[in-house]
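To get the numbering used here, take the position in the sequence shown, counting from 1, and add 1110.
Cβ atoms here follow ideal geometry from the backbone N, Cα and C, with glycine treated the same way.
Remarks on the structure that follows.
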Amino acid sequence: MVFFSFGFLGFFAVVLLLYWTIAKRSALYQNAVLLAASILFYAWLDLRFLGLLAISAAANFGIALAIDRADRDPVRLFWFWTGIAINIGALGFFKYFGFFYDSMVDLLGHMGITAHYLVLRIALPLGISFYTFQMLGYLLDVNNGLQKATKEPLSFFTYVFHFPKILAGPVERARIFLPRLEVVRKISTTEISDALRQILWGLFAKIVIADNCSVLVDPIYNNIESANGSTLLLGAFLYLIQLYADFSGYSNIAIGLSKLLGLPLQINFRAPIFATNVGDFWRRWHVSLTSWMMDHVFTPLNFILRAQGRTGLAISIFITFLAVGIWHGANWTFILFGTLQGLFFIPLVIRGNVTSQPSNAKGSVFQLSRLFSISATFLLMSMSFILMRAPDLGSAVDYWLGILDPSILARPTLIMNATPFLVSFFLVIEWWGREDGYALARSTSIGPMFLRWSLFAFLVFLIGMYMTNNADAFIYLQF
1111 MVFFSFGFLG
1121 FFAVVLLLYW
1131 TIAKRSALYQ
1141 NAVLLAASIL
1151 FYAWLDLRFL
1161 GLLAISAAAN
1171 FGIALAIDRA
1181 DRDPVRLFWF
1191 WTGIAINIGA
1201 LGFFKYFGFF
1211 YDSMVDLLGH
1221 MGITAHYLVL
1231 RIALPLGISF
1241 YTFQMLGYLL
1251 DVNNGLQKAT
1261 KEPLSFFTYV
1271 FHFPKILAGP
1281 VERARIFLPR
1291 LEVVRKISTT
1301 EISDALRQIL
1311 WGLFAKIVIA
1321 DNCSVLVDPI
1331 YNNIESANGS
1341 TLLLGAFLYL
1351 IQLYADFSGY
1361 SNIAIGLSKL
1371 LGLPLQINFR
1381 APIFATNVGD
1391 FWRRWHVSLT
1401 SWMMDHVFTP
1411 LNFILRAQGR
1421 TGLAISIFIT
1431 FLAVGIWHGA
1441 NWTFILFGTL
1451 QGLFFIPLVI
1461 RGNVTSQPSN
1471 AKGSVFQLSR
1481 LFSISATFLL
1491 MSMSFILMRA
1501 PDLGSAVDYW
1511 LGILDPSILA
1521 RPTLIMNATP
1531 FLVSFFLVIE
1541 WWGREDGYAL
1551 ARSTSIGPMF
1561 LRWSLFAFLV
1571 FLIGMYMTNN
1581 ADAFIYLQF
């Protein structure tokens, strides 16, 4: 498993040793060590698509330089759209071609036209959705004059291949990350402590919370017809918590590992479980992707449609979240998921508070209005995230209809074990650290050192108790 195996621990220990000893005096040497390690890491996981990643990085590096050096707009636009076509083309082929092909065959069948059906099984390259968007963002920023194209291939390849983020983000901005590669990295004991705490919380979220929720959630989704309404409702709640713990866990581990290399990454989650409305949720959930979509999809659309007022704003938001849904995968469930997220924004557009900032940083969760807003948002997002777990639209509809069954008043049929207590503990710590980049960021403020270390020891104990050799893969690796 990524990040959990003894093989990875040995690999990372060697990388740290080389990085902070032999290479510590030169940014060039540090980048060389990091790039070599990242290539080995990706090849270790999936050698088949290492060449694709290298070719894609080389193409984007060269095209960005061509855009930067173009002295006429037609030339600049030629290279820009060539780069867009290469990136979207590669992502579209590997991720969406099979879906479009199957959908076309089904459509022709409904029209009475018999098409020869070819079974296509195109493997999805690891991390392609994430590294493609990073390079797309780079080309867009260079074309829009927000940054100069780098002339250093070593720095650019290190940015693209950087192994903590290559598989599932965060979707890092080149204009922020590349300058960090141009200087010698240093690290303090305070930064090491912070990184280790973030990794610890990420491991706890993944191994103890997400994987335990999975034990309860999977049987429900595998037997939707036989589960009563209350069980289905509880399963929807648990899946949202599972997905959050799984993906935020990955992000915290990745960010912590990168911090140990002197390269901080952007925050990817801001306690979205405690969001007070849909807009607040998406400012807190998968922040690196949402901000990318807002910058490169929403903002241009909203500018084009600015004369349409709130109607233009609603259309821009709808298209943006449709793109978010499609980004997640080639399935009608993801398309409907994005559609629903866009529709959920309509009340915010009507009320004119789409851009209101998150409101949970201050105040008490026990305020009745706040508690109601958090609960309503959690319920709404739990219902919509059923589409992220259901294999097809029919299963999602069956799930929703099952929740509406009178059996929702019956007792859930799940064998709960310790999961409710673990989830409750997880949510308490998450609420406590909701103002920070991760839940344990403020743990140094806990008074007596004994209490701090008792908390850390308890987390390590639980991780050791629940860690297995066949732990579930990170969910977002499939996206």
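- For the pair leucine 1291 and serine 1265, the CB atoms are nearer than the 8 Å cut-off.
- Aspartate 1304 sits buried, since 16 or more C-beta atoms from the chains shown fall within 10 Å of its C-beta.
- Cβ neighbours of phenylalanine 1267 within its own chain (closer than 7 Å, five residues either side excluded): Leu1145, Ala1167.
- A residue is called buried when at least 16 other Cβ atoms come within 10 angstroms of its Cβ; glutamate 1540 meets this threshold and is buried.
- Note on alanine 1385: 16 or more other CB atoms within 10 angstroms of its CB, so buried under the neighbour-count rule.
- Phenylalanine 1428 and glycine 1452 do touch by the CB rule: their CB atoms are close to 4 Å apart, below 8 Å.
- As summarised for the region 1353 to 1425, there are no continuous beta strand (DSSP E) elements at least 3 residues long confined to that stretch.
- By the C-beta criterion, the region 1560 to 1567 is judged not to be in contact with the region 1366 to 1385, since fewer than 3 inter-stretch pairs fall below 8 Å.
- Under the criterion of beta carbons closer than 8 Å, glutamine 1257 and aspartate 1251 qualify as touching, at roughly 5 Å.
- Counting of Cβ neighbours within 10 angstroms places tryptophan 1191 among the exposed residues, the total staying below 16.
- Within the same chain, Cβ atoms closer than 7 Å to the Cβ of asparagine 1387 are found at Leu1458, Ser1483, Thr1487, the five residues on either side in sequence being excluded.
- For threonine 1131, the three-state secondary structure derived from DSSP is coil.
- The count of Cβ pairs closer than 8 Å, one atom from the region 1337 to 1356 and one from the region 1492 to 1503, reaches three, so the stretches are in contact.
- No Cβ-Cβ contact shorter than 8 Å links threonine 1341 with threonine 1529.
- Contact between the region 1308 to 1316 and the region 1563 to 1583 is established, with three or more Cβ pairs separated by less than 8 Å.
- Closest option to glycine 1202, judged by alpha-carbon separation, among Ile1556, Tyr1548, Arg1552, Thr1242: Thr1242.
- Spatial neighbours of alanine 1147 in its own chain (CB-CB distance under 7 Å, excluding positions within 5 residues in sequence) are listed in chain order as Val1125, Phe1273.
- In this structure, the CA atom of serine 1115 is about 18 Å from the CA atom of isoleucine 1365.
- Straight-line spacing of the CA atoms in leucine 1288 and aspartate 1390 works out to 30 Å.
- Of the candidates Ala1284, Phe1535, Leu1565, Phe1535 places its Cα closest to the Cα of isoleucine 1351.
- In this chain, the alpha helix (DSSP H) harbouring asparagine 1141 covers 1137 to 1156.
- Taking a cut-off of 8 Å on C-beta distances, the region 1513 to 1523 touches the region 1330 to 1340, as three or more cross pairs fall below it.
- By alpha-carbon distance to threonine 1260, the top candidate from Ala1284, Ile1238, Ser1239, Ala1278 is Ala1284.
- Within the region 1464 to 1523, the complete alpha helix (DSSP H) segments of 4 residues or longer fall at 1478 to 1494, 1496 to 1499, 1503 to 1513, listed in chain order.
- A straight-line Cα-Cα distance of about 33 Å links alanine 1153 and phenylalanine 1447.
- Around the beta carbon of alanine 1195, fewer than 16 other beta carbons lie within 10 angstroms, which makes this residue exposed.
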